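2 protein chains.
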Amino acid sequence: VNEVRIIPVVGMPEVRSGDDVASLIAEVHEGGLEQHDVVVVTQKVVSKAEDRVVSADNRAAVAAAESVRMLRRRGSTIISETRHGFVCANAGVDDSNVEEGLMTLLPVDPDLSARRIRARLAHLSGVDVAVIISDTFGRAWRTGQTDVAIGVAGLEPIVDYRGRPDAFGRTLEATMIAVADEIAGAAEMVMGKSFGIPAAVVRGAPVTFGRGSGQELVRHPLEDLFR
Amino acid sequence: VNEVRIIPVVGMPEVRSGDDVASLIAEVHEGGLEQHDVVVVTQKVVSKAEDRVVSADNRAAVAAAESVRMLRRRGSTIISETRHGFVCANAGVDDSNVEEGLMTLLPVDPDLSARRIRARLAHLSGVDVAVIISDTFGRAWRTGQTDVAIGVAGLEPIVDYRGRPDAFGRTLEATMIAVADEIAGAAEMVMGKSFGIPAAVVRGAPVTFGRGSGQELVRHPLEDLFR
């Protein structure tokens, strides 16, 4: 087991509609990318590049339109399920870190966004990296928010320990670690909310590279005891 | 914003009742501790050191006894609220990574456990570190589990951005990041479940050192829309 490094991608310009996010990252990231790095990119810049930006008027109506199921409502905040199956506040519609009068919607297909950025990074850097699109979600039962993976490309988002031995040699029965969410949360530490750093490189994470999608992190409503 | 490093503490012996966990960490951790490191320790070794180990017979009854409120039940698994206010499976009662026939209960007061380990590490290493006791919890709405902070000493577990400017200079309204949970999750990556590594050092995390407790991460039941 080796050290894991969380490296901020410093110096990104403001992202605009149509921008090539992968290229912006590859240009500014000091030291370049290495084989099996995990590149975490915030939803905010992906949504801007994909022109998922709308007027900030009537956020409540927009959030409702982005939702397929309402779970809870408190004041002007709704907790709903998005078309992607994410349960979060205001369907991920958010006016922070975007120009005055505007707000961003979630990418239409964050897994596709991740795959596109990954393919482009592979082309630009010549190494095989994984990509996670992250967003900041609240949780039931616990205060505060953490970043989670809403889009994934190039790695298995869940480490399934079921059937593997623990340190005593006995078989683990229920453990499935959402490592992509742990990586997204770790990256949030260096991206912050006020720093203007929309991407980070996670190096040395003990993950399985290969196929995998952010949709695997969505608990099916029928299997969810809290929906 | 600097790089964050997640460094496994390699070579810890099996922890037994009465052991000085801080001393075991300080003895084996290569390179020593540095000022404002965050030392993450798994609940499992803290519970063993504090003799929170019981017979694995009748887990369901023990989990019920450790609970103050039942939320859901599926098969032999309960989702309940513990005395600490944590909502998790089987009240944190768990038979992985412990000797055959035994299981661990959560520490009686994980914040106190964290404060004790922190004080002892300060004494042994001469530097001021923060301590997080981590455990692996499931979540509503998302598959898989992540490590979260059940005990905290020496740092503010929540980074409160409310009132701070975003990258556009506008005031953030609702953002409170549960950075202690993000650190616990990041540390899980190097601790794993099969590696026999019960502690990690997180270096360079942009946190506020000072007072703070794991209880701040517990959403009060009256403010929780999902309890």
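Heads up: the sequence lines are chains A and B, in that order. Okay, so the first sequence: first residue is 1 according to the working numbering, each after it adds one. Okay, so the second sequence: first residue is 1001 according to the working numbering, each after it adds one. Glycine included, every Cβ here is placed at the ideal spot set by N, Cα and C. In this text the structure is predicted, and so the values were computed from the model without any measurement.
Three-state secondary structure (DSSP) of residue i
| i | result |
| --- | --- |
| A/Ile-197 | coil |
| B/Ser-1047 | helix |
| B/Ser-1125 | helix |
| B/Gly-1214 | helix |
| A/Gly-264 | Since the first residue shown for chain A is 1 and the last is 227, residue 264 of chain A is missing from the structure and cannot be characterised. |
| A/Val-28 | helix |
| B/Asp-1109 | coil |
| B/Gly-1099 | Correcting the residue identity first, residue 1099 of chain B is Glu in this sequence and not Gly. In the structure shown, B/Glu-1099 sits in coil (DSSP, three-state: anything other than H, G, I, E or B). |
| A/Glu-34 | coil |
| A/Ser-23 | helix |
| A/Leu-225 | coil |
| A/Arg-219 | coil |
Interface partners of residue i on chain A, CB under 7 Å
| i | result |
| --- | --- |
| B/Val-1087 | Trp-141 |
| B/Arg-1219 | Trp-141, Arg-142 and Thr-143 |
| B/Gly-1212 | Chain A residues near B/Gly-1212: none, gap ~12 Å exceeds 7 Å. |
| B/Thr-1104 | Within chain A, no residue comes near B/Thr-1104; the closest Cβ sits about 12 Å away, beyond 7 Å. |
| B/Thr-1082 | Result: empty, since nearest Cβ-Cβ is about 11 Å, beyond 7 Å. |
Neighbour list for residue i in chain A, Cβ cutoff strictly below 8 Å
| i | result |
| --- | --- |
| B/Glu-1100 | Phe-168 and Arg-170 |
| B/Asp-1019 | Under the 8 Å cutoff, chain A gives no residues; its nearest Cβ is about 16 Å from B/Asp-1019. |
| B/Arg-1030 | Reading off the sequence shown, one finds Glu at residue 1030 of chain B, where the question assumed Arg. Near B/Glu-1030 there are no residues of chain A at all, since even the closest Cβ is about 11 Å away, more than 8 Å. |
Bounding residues of the alpha helix (DSSP H) (the contiguous stretch that carries residue i)
| i | result |
| --- | --- |
| A/Pro-13 | From DSSP, A/Pro-13 is part of no alpha helix (DSSP H); its letter is neither H nor E. |
Residue interval of the beta strand (DSSP E) (run including residue i)
| i | result |
| --- | --- |
| B/Asp-1135 | 1130-1138 |
| A/Ser-67 | 67-74 |
| A/Glu-81 | 77-82 |
| A/Val-39 | 38-42 |
Residues bridged to residue i (per DSSP)
| i | result |
| --- | --- |
| A/Gln-145 | A/Gly-138 and B/Ile-1177 |
| A/Ala-231 | Nothing about residue 231 of chain A can be reported from this structure: the residues present for chain A run from 1 to 227 only. |
| B/Arg-1005 | A/Arg-5 and B/Arg-1203 |
| B/Val-1053 | B/Thr-1104 |
| B/Val-1152 | B/Ile-1132 |
| A/Phe-209 | A/Leu-155 |
| B/Asp-1094 | B/Thr-1104 |
Proximal residues of chain B, C-beta to C-beta of residue i below 8 Å
| i | result |
| --- | --- |
| A/Phe-209 | In chain order: nothing, as chain B lies at least about 14 Å away. |
| A/Gly-216 | Contrary to the premise, residue 216 of chain A reads as Glu rather than Gly in this sequence. Under the 8 Å cutoff, chain B gives Thr-1143. |
| A/Val-148 | Arg-1142 |
The ligand ZN heavy atom lying under 8 Å from the CB of residue i
| i | result |
| --- | --- |
| A/Val-190 | Absence of the ligand ZN from the depicted structure is noted, as is the absence of any ligand whatsoever, leaving it without description. |
Proximal chain B residues relative to residue i, where beta-carbon distance stays under 9 Å
| i | result |
| --- | --- |
| A/Ile-158 | Thr-1143 and Gly-1144 |
| A/Glu-3 | Arg-1005, Ile-1006, Ile-1007, Pro-1008 and Val-1190 |
| A/Ala-63 | Chain B residues near A/Ala-63: none, gap ~13 Å exceeds 9 Å. |
| A/Glu-206 | Position check: residue 206 of chain A holds Pro in this sequence, whereas Glu was assumed. What A/Pro-206 touches in chain B: Met-1189, Val-1190, Gly-1192 and Phe-1195. |
| A/Thr-42 | In chain order: nothing, as chain B lies at least about 11 Å away. |
| A/Asp-181 | Arg-1139, Arg-1142, Gly-1144, Thr-1146 and Gly-1185 |
Listed by chain order, chain B residues near residue i by CB distance under 7 Å
| i | result |
| --- | --- |
| A/Asn-97 | Asp-1166, Ala-1167 and Phe-1168 |
| A/Arg-235 | Residue 235 of chain A lies beyond the range of chain A shown here (1 to 227); nothing can be said about it. |
| A/Ile-79 | Leu-1225 |
Closer than 9 Å at the beta carbon, the chain A residues around residue i
| i | result |
| --- | --- |
| B/Lys-1228 | Outside the displayed range of chain B (1001 to 1227) lies residue 1228 of chain B, so it cannot be described from this structure. |
- Taking only runs that begin and end inside the region 1155-1192 of chain B, name each unbroken alpha helix (DSSP H) of 4 or more residues, in chain order. 1179-1191
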